[in-house]
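In this text, residue positions in the sequence shown follow our numbering: the first is -19, and each later residue adds one.
Here the structure is laid out as structure tokens; the discussion comes afterwards.
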Amino acid sequence: VSQSRYLEDLEGIKKLKANPELSSILCGKFRPNHFDGVVSIVNHFFELIKPDYAIFGEKDFQQLKIIEDRELLSGLAYVPTMGALHSGHLSLVAKAKELSERVIVSIFVNPLQFGPNEDFDKYPRTLDQDLTMLKEKKVDYVFCPEFSREDLEGIKKLKANPELSSILCGKFRPNHLDGVVSIVNHFFELIKPDYAIFGEKDFQQLKIIEDMSSSLNLKVKIIPAKTYREANGLAMSSRNQYLSESEREKAS
């Protein structure tokens, strides 16, 4: 039987992507499709055979590491957002899809992280547009709760690590990071994700959430994702629409 016949038979199976960060430091750097093919066929055989155990020799150490990694990355990946989505958010979705076959995005403007006289009421809300964008990216689930501040009174209130918060914006926004960790932990409890992706643009929030996850010994793995920038170098943000052209140039 020719190789082309084999390839035709396999056209219909689920095609997986090996972890690009791991693949790039192994032979995937020189054989770009090799590990994708490995995880795709191994997963296909797992689905057919449904084994309790699978034994792989350490001689093929690189394949072993890729398969172990793929098995770990088979759960639910979660991207928390406050909506008004842009290409930066979609890059987080793309990162989530690298990690898992199932992706959930939440859209919720969290009142707990806004202080008095901040922009909670005027924060941009574009739900219909957001849902269209996520549908185009084939996101599996979208969680859009409509909790008011009163609805959130009963959730577990957490305190951000004061030693860390005091050297970040918690010094000037005393309840902001407490509101962040409280709602993120609440959504973790509701959604039970295996992975949660946070952009490095919100670096302070990322550090606070990593600290919370570690201190509470949460099972979710926090995954940082690189900052996505506009053509002029300005980090993409839902609040950029507040800026004039001259302010955008200064900020970039």
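For glycine and all other residues, C-beta sits at the position ideal for the given N, C-alpha and C.
May I have the straight-line CA-CA distance separating residue i from residue j, to the nearest angstrom?
{"i": "residue 206", "j": "residue 13", "result": "24 Å"}
{"i": "residue 48", "j": "residue 174", "result": "15 Å"}
{"i": "residue 203", "j": "residue 81", "result": "16 Å"}
{"i": "residue 63", "j": "residue 18", "result": "37 Å"}
{"i": "residue 97", "j": "residue 134", "result": "24 Å"}
{"i": "residue -9", "j": "residue 118", "result": "20 Å"}
{"i": "residue 29", "j": "residue 20", "result": "14 Å"}
{"i": "residue 69", "j": "residue 26", "result": "33 Å"}
{"i": "residue 101", "j": "residue 195", "result": "33 Å"}
{"i": "residue 235", "j": "residue 149", "result": "This structure cannot settle anything about residue 235, because the visible part of the chain is limited to -19 through 232."}
{"i": "residue 144", "j": "residue 128", "result": "28 Å"}
{"i": "residue 33", "j": "residue 22", "result": "13 Å"}
{"i": "residue 179", "j": "residue 190", "result": "12 Å"}
{"i": "residue 160", "j": "residue -12", "result": "50 Å"}
{"i": "residue 91", "j": "residue 132", "result": "9 Å"}
{"i": "residue 181", "j": "residue 31", "result": "42 Å"}
{"i": "residue 235", "j": "residue 185", "result": "Outside the shown range of the chain, which is -19 to 232, sits residue 235, and nothing can be said about it."}
{"i": "residue 58", "j": "residue 168", "result": "9 Å"}
{"i": "residue -6", "j": "residue 24", "result": "7 Å"}
{"i": "residue 16", "j": "residue 73", "result": "20 Å"}
{"i": "residue 147", "j": "residue 67", "result": "30 Å"}
{"i": "residue 5", "j": "residue 106", "result": "40 Å"}
Is it buried or exposed for residue i, if we count other Cβ within 10 angstroms and need 16 for buried?
{"i": "residue 208", "result": "buried"}
{"i": "residue 188", "result": "buried"}
{"i": "residue 112", "result": "exposed"}
{"i": "residue -2", "result": "buried"}
{"i": "residue 41", "result": "exposed"}
{"i": "residue 197", "result": "exposed"}
{"i": "residue 10", "result": "exposed"}
{"i": "residue 162", "result": "buried"}
{"i": "residue 0", "result": "exposed"}
{"i": "residue 95", "result": "exposed"}
{"i": "residue 170", "result": "exposed"}
{"i": "residue 136", "result": "exposed"}
{"i": "residue 199", "result": "exposed"}
Which residues mark the beginning and the end of the beta strand (DSSP E) in which residue i is found?
{"i": "residue 140", "result": "Residue 140 -> no beta strand (DSSP E), and no H or E assigned at all."}
{"i": "residue 56", "result": "56 to 61"}
{"i": "residue 73", "result": "Run containing residue 73: none in the beta strand (DSSP E); it sits in the alpha helix (DSSP H), 67 to 79."}
{"i": "residue 179", "result": "175 to 179"}
{"i": "residue 84", "result": "82 to 87"}
So that I know if they touch, is there some Cβ in chain B lying closer than 8 Å to that of residue i?
{"i": "residue 202", "result": "The structure shown contains no chain B, having only a single protein chain."}
Considering residue i, what are the terminal residues of the alpha helix (DSSP H) in which it resides?
{"i": "residue 196", "result": "No alpha helix (DSSP H) holds residue 196; DSSP gives it neither H nor E."}
{"i": "residue 171", "result": "156 to 171"}
{"i": "residue 128", "result": "Unbroken run through residue 128: none, as it is neither H nor E."}
{"i": "residue 27", "result": "14 to 29"}
Per DSSP, what kind of secondary structure is residue i in: helix, strand or coil?
{"i": "residue 235", "result": "For residue 235 there is no data in the structure shown, the boundaries of the chain being -19 and 232."}
{"i": "residue 5", "result": "coil"}
{"i": "residue 119", "result": "coil"}
{"i": "residue 35", "result": "coil"}
{"i": "residue -7", "result": "coil"}
{"i": "residue 204", "result": "strand"}
{"i": "residue 187", "result": "helix"}
{"i": "residue 182", "result": "helix"}
{"i": "residue 108", "result": "helix"}
{"i": "residue 98", "result": "coil"}
Leaving out five residues before and five after residue i in sequence, what residues of the same chain have Cβ atoms less than 6 Å from its Cβ?
{"i": "residue 88", "result": "125"}
{"i": "residue 75", "result": "177, 205"}
{"i": "residue 93", "result": "156, 159, 160"}
{"i": "residue 165", "result": "138"}
{"i": "residue 3", "result": "15"}
For residue i, which residues from the same chain have a beta carbon less than 7 Å from its beta carbon, with the 5 sequence-adjacent residues on both sides left out?
{"i": "residue 234", "result": "Only positions -19 to 232 of the chain appear in this structure, which leaves residue 234 out of reach."}
{"i": "residue 65", "result": "110, 113"}
{"i": "residue 71", "result": "205, 208"}
Consider the C-beta atom of residue i and the heavy atoms of the ligand SAH; say whether any pair is separated by less than 7 Å.
{"i": "residue 174", "result": "The ligand SAH is absent from the structure shown, which contains no ligand whatsoever."}
Between which residues of its own chain and residue i is the CB-CB distance below 8 Å, once the five residues before and five after are set aside?
{"i": "residue 55", "result": "80, 82, 173, 174, 175"}
{"i": "residue 141", "result": "188, 191, 192, 195"}
{"i": "residue 121", "result": "82, 83, 84, 85"}
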